[in-house]
Amino acid sequence: MLVTLLAAGCGPWRGEPGRGEPGRDEPGRGRDGFGAAHTVSAARGGRDTAALTVVSGATTVTVRAADLGDDLYRVSTPSDSALSPEVVESGGRHQLHLASTGEHGAAAVEVLLNREVRWDLRFSGGAAETVVDMGAGRLGTVDFAAGSTRIETVLPRPQGTLTVRMAGGASDFLVRLPDGVPVRVSAGGGAADVTVDGTRHLGVAGGSVFSPPGWATATDRYVVDAVAGVSSLTVTHT
Numbered sequence: 008m009l010v011t012l013l014a015a016g017c018g019p020w021r022g023e024p025g026r027g028e029p030g031r032d033e034p035g036r037g038r039d040g041f042g043a044a045h046t047v048s049a050a051r052g053g054r055d056t057a058a059l060t061v062v063s064g065a066t067t068v069t070v071r072a073a074d075l076g077d078d079l080y081r082v083s084t085p086s087d088s089a090l091s092p093e094v095v096e097s098g099g100r101h102q103l104h105l106a107s108t109g110e111h112g113a114a115a116v117e118v119l120l121n122r123e124v125r126w127d128l129r130f131s132g133g134a135a136e137t138v139v140d141m142g143a144g145r146l147g148t149v150d151f152a153a154g155s156t157r158i159e160t161v162l163p164r165p166q167g168t169l170t171v172r173m174a175g176g177a178s179d180f181l182v183r184l185p186d187g188v189p190v191r192v193s194a195g196g197g198a199a200d201v202t203v204d205g206t207r208h209l210g211v212a213g214g215s216v217f218s219p220p221g222w223a224t225a226t227d228r229y230v231v232d233a234v235a236g237v238s239s240l241t242v243t244h245t
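Structure, rendered in structure tokens:
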């Protein structure tokens with residue numbers, strides 16, 4: 008799996024001279040070189056915006072906004088995981104590679120994102136389950152470009168018009184929004200069923216759009232755009 012953190016001038020810990028390659032965080036060492044096994048992190052450095060791209064797949068991908076203090080992100084896999092993270096900087100972007108450890112533990116990755124930073128998220132690697140909980144954080148856009156059996160995302164209050172795009176296909180796609188936030192739902196690829204705030208629509212044709220009164224004039228709002236087909240699409244306010 009690859010995770011790409013896009014942020015102008017964003018630079019992770021580069022390792023000690025003579026250890027590993029330039030621009031790399033060593034697996035199992037972390038930013039200060041003494042972190043827990045299978046964990047890497049990078050300093051925030053005063054950044055207010057950043058972007059993350061999950062490039063390749065894992066069984067379970069979990070992304071969550073958290074209070075990370077001076078860290079921009081922390082990425083970890085279980086100590087007995089089949090995967091170990093390694094961060095490489097390339098062209099101003101940060102890519103997280105998940106290398107094989109030779110172990111037989113879970114192929115799962117958890118990504119914690121600094122909740123004070125506004126994030127653009129893209130998932131271009133498939134997963135059996137993708138969980139994105141940015142309810143306590145700040146968000147720009149979310150793009151699920153690769154397929155996943157189950158996708159669940161919890162969204163914060165938007166600033167402006169924010170888009171959640173699903174183009175890779177899914178069996179179950181669940182979106183949770185704060186109360187009172189207008190959302191337009193598009194089923195571009197069609198769906199077996201679409202449920203918006205408890206109202207269920209069966210056999211939804213491709214191109215169908217569900218838009219509540221007032222969405223067009225709202226300043227802060229969401230667009231949920233299911234470009235690819237989905238078995239079940241559920242959008243709910245909590």
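Counting from 8, one number per residue, gives the positions in the sequence shown under this note's numbering.
Every residue gets a Cβ at the ideal spot worked out from N, C-alpha and C, and that includes glycine.
Rounded to the nearest angstrom, what separates residue i and residue j at their Cα positions?
{"i": "L181", "j": "I158", "result": "6 Å"}
{"i": "Y80", "j": "M173", "result": "24 Å"}
{"i": "D200", "j": "T224", "result": "27 Å"}
{"i": "G197", "j": "L240", "result": "10 Å"}
{"i": "P189", "j": "T156", "result": "27 Å"}
{"i": "G213", "j": "G236", "result": "8 Å"}
{"i": "T108", "j": "A135", "result": "20 Å"}
{"i": "E3", "j": "H104", "result": "What the structure shows of the chain is the stretch from 8 to 245, and residue 3 is not part of that stretch, so it cannot be assessed."}
{"i": "A58", "j": "P219", "result": "30 Å"}
{"i": "V62", "j": "G154", "result": "12 Å"}
{"i": "T148", "j": "T168", "result": "9 Å"}
On a CA-only basis, which of the options is nearest residue i? Give me that one, please.
{"i": "D140", "options": "H45, G64 and R164", "result": "R164"}
{"i": "F217", "options": "A152, F130 and R191", "result": "R191"}
{"i": "G210", "options": "D204, W222 and G195", "result": "G195"}
Can you tell me whether residue i is helix, strand or coil according to DSSP?
{"i": "L120", "result": "strand"}
{"i": "E110", "result": "coil"}
{"i": "S88", "result": "coil"}
{"i": "Q166", "result": "coil"}
{"i": "W126", "result": "strand"}
{"i": "V95", "result": "strand"}
**Message:** Measuring CB atoms only, is the region 64 to 76 touching the region 138 to 147, in the sense that at least three cross pairs come out at less than 8 Å?
**Reply:** Below 8 Å, enough C-beta pairs join the region 64 to 76 and the region 138 to 147 to call them touching: three or more.
**Message:** Would you call the region 116 to 134 in contact with the region 60 to 68, where contact means no fewer than 3 C-beta pairs closer than 8 Å?
**Reply:** Verdict: yes, contact present.
**Request:** Just list the beta strand (DSSP E) runs in the region 179 to 213, keeping only unbroken ones of 3 residues or longer that don't cross its boundaries, in chain order.
**Result:** Qualifying beta strand (DSSP E) stretches, in chain order: 190 to 194, 198 to 203 and 206 to 211.
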